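Position 636 of the sequence shown, counting from 1, maps to 695 under this note's numbering, and the rest follow consecutively.
Glycine residues also receive a C-beta, built at the ideal position from the N, C-alpha and C atoms.
Keep in mind it's a predicted model, so treat the numbers as computed, not measured.
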Amino acid sequence: MCAARANSISGYAGTVALAWATQVTGISLSAAAQHGWLLIWGSREVDMKALGHLLLILVNLVMLPACEVVEPCPEGQGRSNAGLCLPFAAAADDASADDDDDASADDDDDSSADDDDDDDSAGPRPDGVDADGDGFVDGADGGSDCDDSDPAISPAAIERCDGLDNDCNGSVDDEAIDAALWHLDSDSDGYGGQLLSEEACQAPDSYVGNADDCNDLDGAVYPGATELCNGADDDCDGELDEDAPAASTWYLDNDGDGVGGLWLTQDACDMPAGYGPDPSDCDDSNGAIYPGAPELCDGADNDCDGSLGGDELDDDGDGLSECELDCDDANPLRFAGSAELCDGIDNDCDPATAALGGEVDADGDLVLSCLDCDDDPASGLLVFPGATEVCNSVDDDCDGSIDVGASDESTWYFDADGDGFGGFLLTQVACAAPTGYVASSNDCVELDPNSYPGAIEVCDGVDNDCNGQVDDGAAAVGSSWFADADADGYGDPGTVLTACSQPAGFVLNSLDCDDGNSAAHPGTYEVCDGVDNDCDGAVDEAGALNTTLWYIDADGDGYGRLSAPLSTCSQPTGYADNAADCDDEDAANDPGNVELCDGQDNDCNGLADFDASAEVDLDGDGSPGCADCDDGDPANAPGAAELCDGEDNDCTGFADMDAGGEADDDGDGSLSCEDCDDSDPENVPGGIEQCDGADNDCSGGPDMDAGGEADSDGDGSLSCEDCDDDPATGSDRYPGNPEVCDDSIDQDCDGVDAPCFSGVTFTDCGASGRMGPSQTQCDSAYSNTALAAAVTLSNEGYQQWVVPATAAYRIAAFGAQGGSMSSSLQGGQGASIRGDFNLQQGDVLSVLVGQVGTPAGDGAGGGGGSFVLVGSTVNATNILVIAGGGGGANSYSDFSGQDGRDGANGGDSNVTGPHCNSPALGGSGGGGGNGGCAAGGGGYSGVGAAGSHQAEGGQSFIAGGAGGDSSNSSGPPYGGYGGGGAGSPGNGYGGGGGGYSGGAGGTWDGNLAGNGGGGGSMNNGSNQLSLSGGNTGAGRVVITLAN
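Pasting the structure below:
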């Protein structure tokens, strides 16, 4: 027999002796494994009765052959005594009498012709009765069938656990094909180890159905045992001294002064680095503050006695106490280092310093020198802020401007044409004449430098001397005109007038002999009127005409029109002797007149042609183009009101609504005349008010809030961003200020008083295998932690916890490691996923902590994923974080199990096929992984696919998250709780890890054997950190405050 069957040599004593043999003789684990043995080491003590069996164990260890790995027969076949796979009914035809290749007919020294312990009478079958038709003659007829009434019982049958001698070898249920695998429980604690195992239909004495004991030589060590502070893994969870009831509470010494605070603790057997046993530090952020510290002048309770020295109090709130050189602790404006103010008080507590300019009143005007612009007794009595400004070239009111706004200022008038005389177009009030301004305002033509009072009148159609008359008494060259009273074209020599143009009723000659008779003048035809018409001394002489043709002169300008002329002997009233008038309704329009800018044909040349504009008013503002500075815009015309639009609205020659020239210096689209700050583009009418202390919308002041964007409490934060700007209460409340937990004060202005929360850690509560922990297990595991009485297990087995306070939390989830049946190939590590979340008080978190995959037989299950969701219902929108579990590994593979992944998709097997249930691909979108030879891991919503070798897929999270089951009777390689896929028990393949999407089960490509793929992960938080792998052993979930 091989060494694997040698566990019956000496029972319990043999087990202990084997362990002693390993320790005492130094025989290595690998050397023992070559002979089919699995040894353990590291025991604490050994029962002395095992020494008697030591020599026997060592002899068998050396001499026994190694066990041969035998693959199971296909379905419907069994293995005969000769080791061949044959159909159950035909297995008897295997008549081989020898089990090896040598020439000997007997290998076991029993003088029989075969090499086993079966009944050798099955050789040549004699003729006889075979009542059950199984090919073997009844023993009563000399045959070998021990029960010829049952065809399932014969020398060729396979022994099963049914209380019958199926193979007719004289023994019942020996080496049955469906025997279970039992493990020696050396220390009788109910848990077996991996030292010795035995296949049997019923449990042998001192054997149990599990191999979970991590030290089978110590009855106090087993899964679920109470962890002690002894440096050992008492509860077999892979950790030493964790959560031990005897552990002490240690307090973080954040400032290193030797005394800790209460804000963060650890329960541990030994004092962690940076922690201490004393929690009485009243400020663990300041190394100068602790019980017994010397009291300093710093405004702090250094010795933690709850009080400050009297001289350490800042009574006036100026930031300094009496011990800090505050010379007047009742006045917040007086303290060492304060700015010296111009108020006659020693503000900086230094008598040697004073405000700039001094704090005296030398000239007796009741104003201190630091405020007075002239404190000289000889000249400054009437000079001080608020004094009356007068025109004396002195800044009387100390406003920085001389003679501006003086009470005795004069009005000055703009001299637009530079002729020394101003008009009413523009005025300024000032002590002295501004540039371009004069004292007079009687210029009658403000844009003509040749027209002003006293100017020489010239023949130009303008009132040059401003006397109200045009071209009167002109000094320029004119003509002598003679009165033509009778309008006959001849003047009276006795009436002379010099003028630039012909006055009405005057002519250039003096030949009329009777200026009272129009029919009498030289050269005319004599007419019959009783008058000397031609002035030749004769009256009505021959040749005189009888009548004269006269034309209507309606405007009396001496020019008539062609319509309705009259022919008479004398000139009728309202008629002229010509028809040359182009506009007989306006005396200003007649031939020879000067063309004006009035839109009319003044000189009767057929055109209104003062300039090229043809005197047209294109923009309809009442001003023709010849007078309009912009005839395309009705808002721009002489006399129009100047607007803030960057244009010359009143046609004065420039845009002059303000001193800035209506410019846009800061390029914000708003002109200087309307922009409250034309040097800053952020400040503009209609702008968005910002929290910066400036008048951004030009509304008259910074007004984003009712506080006027001030910093009333002096904490450096404006009222519009400060949650408390009251000087009495707000100096320690502003954005960015460190928060003090649970003091009912919002120091950092985030709207929340941060709770004092040191964090919690969720574990597997000591559970193992494919199913999660019970309420009892978690109550026990958390009994001395912050989770005591705070965790309730749901129907699905999730750990549910209520968020204690509204805050930003950091949640880190770690997937469980995959199981491993190999000393050199490891199960894949669980993924490490972290994110920050804003949670509300009362929120319910559902937590599933992944468990390590179980190694058994030749395979190992995948590790379970760790899940955290928020809300009373389970759905994908409530996922916070999911960390994928690692893939399982086995002893026959070419690869280790794959790590849990940092992405959403599950990992593929190391090889994806083509054998078993290929392709072995990881799941996606929350689905389960494909099965290969081993099973796929479960996802958030999808179940992992089964493997082809007695391996079931891991359940989905929403279905409870159970690990995959296995039908292997010799020890199922379960998937870990959290959706881990089951391993392949017979041929050695690792299951896929559970997670958001399941990992694939391991498979075979005909050359290489692959192990399980890692489970996928999900992270819906901010400030994310997602790592593939990183966690060994069981999963866990750690929740702390984000800040």
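Chain-order list of residues whose beta-carbon lies under 8 Å from that of G1065 (same chain, five-residue window excluded): Taking the first residue of the sequence shown as 1, we reach residue 1065 at position 1006. Cβ neighbours of G1065 beyond the five flanking positions: P973 and H974.
Counted within 10 angstroms of its Cβ, other Cβ atoms place I1017 as buried (16 or more) or exposed: Here residue 1017 refers to the residue found at position 958 when the sequence shown is read from its first residue. By the 10 Å Cβ count, I1017 comes out buried.
Would you call the CB atoms of G945 and G1054 closer than 7 Å? In the sequence shown, counting from the first residue as 1, residue 945 sits at position 886. In the sequence shown, counting from the first residue as 1, residue 1054 sits at position 995. Contact flag unset, no.
State yes or no: is the C-beta of G996 within less than 7 Å of the C-beta of G1038? By one-based count along the sequence shown, residue 996 stands at place 937. By one-based count along the sequence shown, residue 1038 stands at place 979. The criterion of a C-beta distance shorter than 7 Å is satisfied by G996 and G1038.
Opening and closing residue of the alpha helix (DSSP H) in which S500 lies: Position 441 of the sequence shown holds residue 500. Segment: none, S500 is in no alpha helix (DSSP H) and carries neither H nor E.
Give the secondary structure of T936 by DSSP, where H, G and I count as helix, E and B as strand, and everything else as coil. Numbered from its first residue, the sequence shown carries residue 936 at position 877. Looking at T936 - three-state DSSP - the assignment turns out to be helix.
According to DSSP, simplified to helix, strand and coil, what is I941? Numbered from its first residue, the sequence shown carries residue 941 at position 882. Strand.
Ignore the nearest five residues each way along the sequence and tell me which others in C782's own chain have a CB closer than 7 Å to its CB. Taking the first residue of the sequence shown as 1, we reach residue 782 at position 723. Only R792, D805 and C808 meet the Cβ criterion.
Assuming contact is defined by CB atoms lying nearer than 7 Å, are P350 and S366 in contact in what I supplied? On the sequence shown, position 291 is the one that residue 350 refers to. On the sequence shown, position 307 is the one that residue 366 refers to. In this structure, S366 does not lie closer than 7 Å to P350 by Cβ.
Rank L608, W609 and G582 by C-alpha distance to the C-alpha of G596 and give the top, closest one. Along the sequence shown, one-based indexing puts residue 596 at 537. Per the Cα distances, G582.
Measure from the alpha carbon of I348 to the alpha carbon of each residue in N313, T820, V799 and I938, then state which is nearest. Your numbering for residue 348 matches position 289 in the sequence shown. For the residues N313, T820, V799 and I938, the minimum Cα distance to I348 belongs to N313.
heavy atom of the ligand ADP below 6 Å from A722 C-beta: Although the ligand ADP was asked about, the structure shown includes no ligands whatsoever.
Identify every residue that forms a DSSP beta bridge with D204. Within the sequence shown, residue 204 is the residue found at index 145, counting from 1. Answer is D197, bridged to D204.
Cut-off 7 Å between Cβ atoms - residues of its own chain near Q561, not counting five sequence neighbours on either side: Your numbering for residue 561 matches position 502 in the sequence shown. W540, listed in sequence order.
For A215, decide whether its Cβ has a neighbour in chain D, counting only Cβ atoms nearer than 7 Å. The structure shown contains no chain D; it holds only a single protein chain.
A963 to R893 span [Cα, whole Å]: Taking the sequence shown and counting its residues from 1, one reaches residue 963 at position 904. Taking the sequence shown and counting its residues from 1, one reaches residue 893 at position 834. Those two C-alpha atoms are separated by around 14 Å.
Report buried or exposed for C432, applying the criterion of at least 16 other Cβ atoms within 10 angstroms of its Cβ. In the sequence shown, counting from the first residue as 1, residue 432 sits at position 373. Within a 10 Å sphere around the beta-carbon of C432 sit 16 or more other beta-carbons, which makes this residue buried.
Assign M330 to one of two classes, buried (16 or more other C-beta atoms within 10 Å of its C-beta) or exposed (fewer than that). To locate residue 330, count along the sequence shown from 1; it is residue 271. With fewer than 16 other Cβ atoms within 10 Å, it is exposed.
The alpha helix (DSSP H) enclosing D14, as first and last residue numbers: For residue 14 there is no data in the structure shown, the boundaries of the chain being 60 and 1102.
Tell me which residues share the same chain as D689 and place their Cβ nearer than 6 Å to its Cβ, disregarding the 5 neighbours each side in the sequence. Numbered from 1 along the sequence shown, position 630 holds the residue referred to as residue 689. Counting only Cβ-Cβ distances below 6 Å, and skipping sequence neighbours, we find N695.
Cα-Cα separation between G987 and Y334, rounded to whole angstroms: Reading the sequence shown from its first residue, position 928 is the one you call residue 987. Reading the sequence shown from its first residue, position 275 is the one you call residue 334. Taking the straight line joining both Cα atoms gives about 45 Å.
Report the three-state DSSP secondary structure of G1089 (helix, strand or coil). Position 1030 of the sequence shown, counting from 1, holds the residue named residue 1089. DSSP places G1089 in strand when its eight states are reduced to three.
Does DSSP put F926 in a helix, in a strand, or in coil? Residue 926 sits at position 867 when you count from the first residue of the sequence shown. DSSP places F926 in strand when its eight states are reduced to three.
Taking the C-alpha atoms as reference points, what is the distance between N1107 and N648? With the chain covering 60 to 1102 only, the question about residue 1107 has no answer from this structure.
Let me know the secondary structure DSSP gives Q876 once reduced to three states. Here residue 876 refers to the residue found at position 817 of the sequence shown. Residue state, collapsed to three classes: coil.
4-residue-minimum alpha helix (DSSP H) runs that sit fully inside the stretch 271-314, ordered along the chain: Counting only runs that start and end inside the stretch 271-314, there is no alpha helix (DSSP H) element of at least 4 residues.
Can you tell me whether P683 is buried or exposed? The criterion is at least 16 other CB atoms within 10 Å of its CB, across all chains shown. Here the question's residue 683 lines up with position 624 in the sequence shown. By the beta-carbon neighbour count (other beta carbons within 10 angstroms, threshold 16), P683 is buried.
When V743, G877 and D407 are compared against V911, the one with the closest alpha-carbon: Along the sequence shown, one-based indexing puts residue 911 at 852. With respect to the C-alpha of V911, the residue from V743, G877 and D407 having the closest C-alpha is G877.
For the alpha helix (DSSP H) holding A597, just list the boundary residues, first then last. Stepping through the sequence shown from its first residue, residue 597 is reached at position 538. Note, A597: premise wrong, no alpha helix (DSSP H); not H, not E.
Using the C-alpha atoms, what's the distance from L427 back to G403? Your numbering for residue 403 matches position 344 in the sequence shown. Your numbering for residue 427 matches position 368 in the sequence shown. In a straight line, the C-alpha of G403 is about 8 Å away from that of L427.
Identify every run of the beta strand (DSSP E) within the stretch 776-833, keeping only runs that are complete inside it and at least 3 residues long; order them along the chain. Within the stretch 776-833, the complete beta strand (DSSP E) runs of at least 3 residues are 819-821.
CB-CB under 8 Å to N843, same chain, minus the five flanking residues each way: which ones, in chain order? Within the sequence shown, residue 843 is the residue found at index 784, counting from 1. Only D302, P304, A306 and D326 meet the Cβ criterion.
Who are the near neighbours of E381 in its chain, counting only those whose CB is closer than 6 Å to its CB and skipping five residues on each side? As a working mapping, residue 381 is identified with position 322 in the sequence shown. Closer than 6 Å at Cβ, skipping near neighbours: D370 and D388.
Mind listing, in chain order, the continuous beta strand (DSSP E) runs of no fewer than 3 residues lying wholly within the stretch 430-498? 469-473 and 486-489
Relative to the C-alpha of Y496, which residue among G513, S469 and D197 is closest? Position 437 of the sequence shown, counted from the first residue, corresponds to residue 496. The candidate whose alpha carbon is nearest that of Y496 is S469.
Only counting the same chain, and skipping five residues up and downstream in sequence, which positions put a Cβ closer than 6 Å to that of Q1083? Within the sequence shown, the letter at position 1024 stands for residue 1083. Contacts found: G894.
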